[in-house]
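Presented below is the structure to which this report refers.
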Amino acid sequence: MPKSDIPGVLVLHPRATRHKLCRALLNHLKESFNLEVQESRFPGQTRELARSLPADFNGIFFAAGGDGTLHEAFNGWADTGFAQKLRFCPLPLGTGNDFLFSINRNFSDIRTFLSNPLTDERMADLGRVFYQTDQGEQSRYFCVGATTGFSALVTERRSVLARRVPGQLSYLLALFLSFALWKNRSVRVESSEMPHQSETFFNFNAANVRHYGGGMVSAPDACPFDGTLNAVSMNLTLPQAVRALPENFRGRFERVKNVFRHGMQQPFEVDCLPACPVQADGELLGRTPMRVECFPGKLPLLLPSILNLPR
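Once you know that position 34 of the sequence shown is 43 in our numbering, the rest is easy, because the numbers rise by one and skip nothing.
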């Protein structure tokens with residue numbers, strides 16, 4: 010493929026450079042795009058780099074990492090008021106690639122990006138979550154999902170443990186501690202589409218895609234191209250949640266009582282008592298109450314064109 014004049018900025022997550030195909034991918038992209046490569050060296054730097062793009066930038070932003078790298082990139086773009094006419098190309102060089110996997114499981118394999126042309130342009134939905142902090146209400150856009158309850162509590166504990174415990178072990182330890190120390194909460198969902206409340210609450214997911222946490226089917230009806238977020242509220246006790254884990258992993262919620270699912274197009278609010286952490290795309294944000302909105306077709310994507318495979 011001859012090199013084009015299309016400009017590209019590629020931001021590498023530090024761990025992406027360890028991937029055995031990282032160098033081959035960079036060389037492949039440099040043959041096709043006028044590419045500038047930068048490495049993010051601290052949390053939030055990818056967001057800063059996206060925010061600092063020239064106002065007239067009309068090219069491709071390659072987010073080389075996982076869901077978190079893409080999350081930072083489009084939030085930096087949002088900080089500019091979505092000024093630049095760019096497209097995002099997420100490259101699966103990170104540990105979590107649920108966004109790409111949910112679109113097409115082949116997209117979570119970097120070899121797909123090496124062997125197929127980047128010509129498939131799509132507009133994906135984004136969600137936006139408002140949450141509470143010591144500085145007042147803040148917000149963040151998300152592409153995978155925003156959650157509160159057990160999953161956000163695991164994210165909160167892992168953010169502390171990761172400073173001392175390496176890799177996947179920090180996640181497993183955070184998961185164990187969250188199960189061991191879990192205390193029931195009540196939940197209230199204010200919505201014109203799915204209002205409800207319960208004195209028993211385990212987890213709430215405002216999902217944009219089907220998969221979360223390395224392939225778990227957390228929202229089987231979610232699709233990032235249908236203009237809708239899929240709300241999944243698990244109003245379960247801890248023993249009920251543990252027994253439901255196999256069905257939860259496969260997304261077979263119809264077999265579990267007190268799990269409510271609904272497509273949400275209108276804004277809605279979720280509140281818990283006591284207040285609970287809020288996370289989006291794996292980033293710990295703040296606490297409830299949280300308010301969620303859907304923005305259909307907001308995220309411009311550039312993906313590999315794969316013939317004879319499901320989109």
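Ideal Cβ placement from N, Cα and C applies to all residues, glycine included.
C-alpha distance - residue i paired with residue j, whole-angstrom precision
i    : j    : result
A289 : P175 : 22 Å
L282 : L79  : 32 Å
T121 : L62  : 28 Å
N84  : Y150 : 6 Å
V20  : T104 : 16 Å
N36  : I69  : 16 Å
P298 : V138 : 10 Å
Q275 : E302 : 7 Å
D88  : L30  : 32 Å
F108 : L127 : 17 Å
Where residue i sits in the DSSP three-state scheme
i    : result
D14  : coil
S242 : strand
R114 : helix
I119 : helix
A253 : coil
K307 : strand
A72  : strand
L44  : strand
P313 : strand
R259 : helix
S148 : strand
D107 : helix
S207 : strand
N36  : helix
L19  : strand
R264 : helix
G247 : The identity of residue 247 in the sequence shown is Leu, whereas the question assumes Gly. Three-state result, L247: helix.
L318 : Note that L318 scores a pLDDT of 49, beneath 50, so its modelled location is shaky and nothing firm can be said.
Boundaries (first-last residue) of the beta strand (DSSP E) holding residue i
i    : result
L184 : From DSSP, L184 is part of no beta strand (DSSP E) but of the alpha helix (DSSP H) over G176 to L190.
K29  : No beta strand (DSSP E) contains K29, which DSSP labels as neither H nor E.
V196 : R194 to E199
A25  : Looking at the DSSP string, A25 is not in any beta strand (DSSP E), and its letter there is neither H nor E.
M273 : V268 to M273
Delimiting residues of the alpha helix (DSSP H) encompassing residue i
i    : result
G85  : D76 to D88
R166 : F159 to L170
E57  : Q54 to R60
Nonlocal neighbours in the same chain, by C-beta distance under 8 Å from residue i, ignoring five residues either side
i    : result
P23  : E48, S49 and R50
S195 : Q206, S207, E208, T209, F210, C281 and L282
Own chain, CB closer than 6 Å to residue i, minus 5 neighbours either side, in chain order
i    : result
H28  : L102
L162 : S187 and P286
R300 : F139 and E278
R96  : I69, P309 and L311
G306 : M132
Integer Cβ distance of residue i from residue j, believed to fall under 8 Å
i    : j    : result
A59  : A82  : 5 Å
S200 : F277 : 4 Å
A250 : N239 : Actually they do not touch by this definition, with Cβ atoms about 19 Å apart.
V241 : R197 : Not a contact, Cβ separation roughly 16 Å.
V226 : R173 : So it is not a contact: roughly 32 Å between Cβ atoms.
V268 : S111 : The Cβ separation is near 20 Å, so there is no contact.
Cβ shell of residue i (< 7 Å), same chain only, five flanking positions each side left out
i    : result
R167 : S179, Y180 and A183
F296 : As written in the sequence, residue 296 is Arg, which differs from the Phe given in the question. Here the set comprises Y140, Q141, A284, C285, P286 and V287.
CB contact below 8 Å: residue i versus chain D
i   : result
F83 : Of the protein chains in the structure, only one exists, and it is not chain D.
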